[in-house]
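Working notes, structure below.
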Amino acid sequence: MQTNSKYLPYIGELDAVRLAANQSPGLSFLENYPNPFHSETYIQFSVRIAGNAEVRIFDMMEKEVATIFNDFAESGKPYSLRFDAGSLPAGIYFARLKCGNQYWTNKMVLLK
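Mapping to this note's numbering: the sequence shown position 13 is 16, numbers consecutive.
See below:
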């Protein structure tokens, strides 16, 4: 897949990290802070179109390690979710927001 002149390989269910906002018109944003982080980070998101949404966390092997949101999301409302990764090993993780048939993925780095 070619996005913003950077090659992004297909990584299964995560469907590659999306860099351009116009790839998912129904999603406003997905980010986490701090990043990199030690044991805990806050994942923020907002959707442009109200609907059922879920935020799931995956490791590099595409294994789901947590579901931190699975509910109705209001249009334009900012959500902030605390993710406690204290029991997970250091590494790269992905937060994936799904709303309808749209996905947005954010890379997170857990340091120990």
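Note that the Cβ used here is the ideal one computed from N, Cα and C, for glycine as well.
- When DSSP states are grouped into helix, strand and coil, N73 belongs to the strand group.
- Take the alpha-carbon of L114 and the one of G79: they are about 32 Å apart.
- Here DSSP, grouped into helix, strand and coil, assigns R99 to strand.
- The continuous stretches of beta strand (DSSP E) do not include K115, and DSSP gives it neither H nor E.
- When the beta-carbon positions are compared, V58 and K110 stay at least 9 Å from each other.
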